[in-house]
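2 protein chains.
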Amino acid sequence: MQLKTLCLGLLEISDATGYDIKQMFERALNHFHAASYGSIYPSLKQLEEEGHVRSRIETGGPHPGKRLFTLTEQGHEHFIKSLSETEPDETIRSEFLVLMFFSHLLETPVLQEKLEHMEQYYDSKLTMLESLLDQEHSAGIRFTIEFGINALSAKRDFIRKHREEILREHKESPDCGSRQKLPVEKHL
Amino acid sequence: MQLKTLCLGLLEISDATGYDIKQMFERALNHFHAASYGSIYPSLKQLEEEGHVRSRIETGGPHPGKRLFTLTEQGHEHFIKSLSETEPDETIRSEFLVLMFFSHLLETPVLQEKLEHMEQYYDSKLTMLESLLDQEHSAGIRFTIEFGINALSAKRDFIRKHREEILREHKESPDCGSRQKLPVEKHL
DNA sequence: TTAGACATATATCATTTTGATATATATCGA
DNA sequence: TCGATATATATCAAAATGATATATGTCTAA
Numbered sequence: 002m003q004l005k006t007l008c009l010g011l012l013e014i015s016d017a018t019g020y021d022i023k024q025m026f027e028r029a030l031n032h033f034h035a036a037s038y039g040s041i042y043p044s045l046k047q048l049e050e051e052g053h054v055r056s057r058i059e060t061g062g063p064h065p066g067k068r069l070f071t072l073t074e075q076g077h078e079h080f081i082k083s084l085s086e087t088e089p090d091e092t093i094r095s096e097f098l099v100l101m102f103f104s105h106l107l108e109t110p111v112l113q114e115k116l117e118h119m120e121q122y123y124d125s126k127l128t129m130l131e132s133l134l135d136q137e138h139s140a141g142i143r144f145t146i147e148f149g150i151n152a153l154s155a156k157r158d159f160i161r162k163h164r165e166e167i168l169r170e171h172k173e174s175p176d177c178g179s180r181q182k183l184p185v186e187k188h189l
Numbered sequence: 002m003q004l005k006t007l008c009l010g011l012l013e014i015s016d017a018t019g020y021d022i023k024q025m026f027e028r029a030l031n032h033f034h035a036a037s038y039g040s041i042y043p044s045l046k047q048l049e050e051e052g053h054v055r056s057r058i059e060t061g062g063p064h065p066g067k068r069l070f071t072l073t074e075q076g077h078e079h080f081i082k083s084l085s086e087t088e089p090d091e092t093i094r095s096e097f098l099v100l101m102f103f104s105h106l107l108e109t110p111v112l113q114e115k116l117e118h119m120e121q122y123y124d125s126k127l128t129m130l131e132s133l134l135d136q137e138h139s140a141g142i143r144f145t146i147e148f149g150i151n152a153l154s155a156k157r158d159f160i161r162k163h164r165e166e167i168l169r170e171h172k173e174s175p176d177c178g179s180r181q182k183l184p185v186e187k188h189l
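Chain order of the listed sequences is A and B.
Count the first sequence with my numbering and you get residues 2 to 189, in order.
Count the second sequence with my numbering and you get residues 2 to 189, in order.
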């Protein structure tokens, strides 16, 4: 699913500026989809060219001149159709696991620092998600929050459970930066 | 961390062609990092220009003409440094959760199909990961596999546990495609 | 009261990455 | 020996990131 489509979806919730959309990504979609201004504004522009959204410039208010986008009937229809057609999957890019994959090349204190950092990372994400539960949400949105909490705590707990063991093993192992090849099957 | 850096890391394991690197991504890094040919080949080219890798054309073998890349000492050093400096985090893009977020706009049978699809998706990923455990691995690599299994099963089990409930609730609720606004706080 | 920090708001752009396509040879099984 | 699949490289338009620039509004502590 392209970002354009997702913007359409967010405009189902309420009329919004590009800035508002960015906010929604950071607040409500934070744990499963990111987006940058560099893609949001061009998306909105294209969407308007295609007739899926309309925009008007606000005259009053604290920020006159801001551009508010509204979904058109065509855009609504298009979103429903796209949504029905997207097959569910997920993509993960974990710098943390890259780090762990090559952890034999790190020094033990560095590895320790990374593990602690990651545990904190998950903790802060969890706190953020849990705070969302204070508000009322549709069943679907509630599902995404609870799903996120479930996944995040599983990962945090895994680190908690294995950190000491990993660190102990790591301290005892030899290499660390040496140029020798890994004891790994070529086609692993 | 850029793909270039990661390619360097994979060349720590063994000399490889662009194709081999793609294979490693699909087999060993599958559950936490993807990469396409369109970025792998250019990365390798740049890496060579920068002196981080060297390449030679194979003359014999079943595929004469293939270009084998080797890490240079400089490349090795560079990788260790980059690795120590990357702060651990992870990025998730879940089309599945996008679907769930807007699930009130889907028809119940469609939602049901998506949920089943996702459960299968996690199952097949799990099978793949579990098969990796047959081989011997460094502690770090073993960690990435077990971490992946842990996270994947948490997510699969969450769907299993809540699928019926979600579907029941969904069937009872009204909207589905209607243009009415969501009962959601604007700044959720 | 006012300077500085932070929030709101939009825009642009080089660089990176994706995803699709094209091409060619090798291998393996029916 | 035909066709499917695996090995191998390359290119490119389109999408997305991440950084930067700009401007105004609001809140707070000296």
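Cβ atoms here follow ideal geometry from the backbone N, Cα and C, with glycine treated the same way.
Given the structure is predicted, the values throughout are model-derived calculations rather than measurements.
Boundaries of the beta strand (DSSP E) around S56(A): V54 to I58. Not a single CB atom of chain B sits nearer than 8 Å to the CB of V54(A). Under the three-state reduction of DSSP, S104(B) is assigned to helix.
A direct Cα-Cα distance of roughly 20 Å separates M25(B) from E49(B). Below the 9 Å Cβ cutoff, chain B contributes no neighbours of D135(A), its closest Cβ being approximately 10 Å away. Under a 10 Å Cβ-count criterion, H53(A) is classified as buried, with 16 or more other Cβ atoms of the shown protein chains found around its own Cβ.
Contact residues of the segment 66 to 98 of chain B toward chain A are E74, H77, F80, I81, L84, S85, T87, E88, P89, D90, E91, T92, I93, R94, S95, E96, F97 and L98 (C-beta to C-beta distance below 8 Å). Nearest Cα to R164(B) within the set N31(A), Y122(A) and F148(A): F148(A). Counting along the chain, L30(A) sits inside no alpha helix (DSSP H), nor does DSSP assign it H or E at all.
According to the DSSP secondary-structure assignment, I93(B) is paired through a beta bridge with I93(A). Taken through DSSP and simplified to helix, strand or coil, T128(B) comes out as helix. Contact between R55(B) and T73(B) holds: CB atoms are separated by about 6 Å, below the 8 Å threshold. For L72(A), there is no enclosing alpha helix (DSSP H); the residue is part of the beta strand (DSSP E) that begins and ends at R68 to L72. Nearest neighbour of H138(B) by Cα position, chosen from S104(A), G39(A) and K46(A), turns out to be S104(A). Secondary-structure assignment with DSSP links A140(B) through no beta bridge to anything. By alpha-carbon distance to Q136(A), the top candidate from T109(A), A29(A) and S37(A) is A29(A). In this structure the segment 116 to 132 of chain A does not touch the segment 3 to 18 of chain B; the number of beta carbon pairs closer than 8 Å is below three. Residue pairing for A17(A): DSSP places it in a beta bridge opposite F70(A). One alpha carbon belongs to F80(B), the other to M2(B), and they sit about 11 Å apart. Within chain B, no residue has its CB atom less than 7 Å from the CB of L48(A), the nearest being about 16 Å off. Here P63(A) carries a coil assignment [DSSP, helix/strand/coil]. Residues of the segment 142 to 157 of chain B that bring their beta carbon within less than 9 Å of a beta carbon in chain A comprise I142, F144, T145, E147, F148, G149, N151, A152, S154, A155 and K156, in sequence order. In chain order, L127 place their CB closer than 7 Å to the CB of S154(A), counting only its own chain and leaving out the 5 sequence neighbours on each side. Taking 8 Å as the threshold, the shortest C-beta distance from E170(A) to chain B falls below it. Considering only beta carbons, the part of the segment 23 to 50 of chain A lying closer than 8 Å to chain B consists of Q24, M25, R28, A29, L30, H32, F33, H34 and A35, in chain order.
In this structure, L100(B) and P89(A) form a Cβ contact; the two beta carbons are roughly 5 Å apart against a cut-off of 8 Å.
The beta carbon of S44(B) is closer than 6 Å to those of L4, K5 and C8 in its chain, skipping five residues each way along the sequence. Counting C-beta atoms within 10 angstroms of its own C-beta, Y122(A) has 16 or more neighbours from the protein chains shown and is therefore classed as buried. Of all C-beta pairs linking the segment 109 to 121 of chain A to the segment 110 to 122 of chain B, fewer than three are shorter than 8 Å, placing the two stretches out of contact. Chain-ordered listing is empty here: chain A has no CB closer than 9 Å to the CB of L127(B), the nearest sitting near 13 Å.
Contacts with chain A at 8 Å (Cβ-Cβ) include L7(B).
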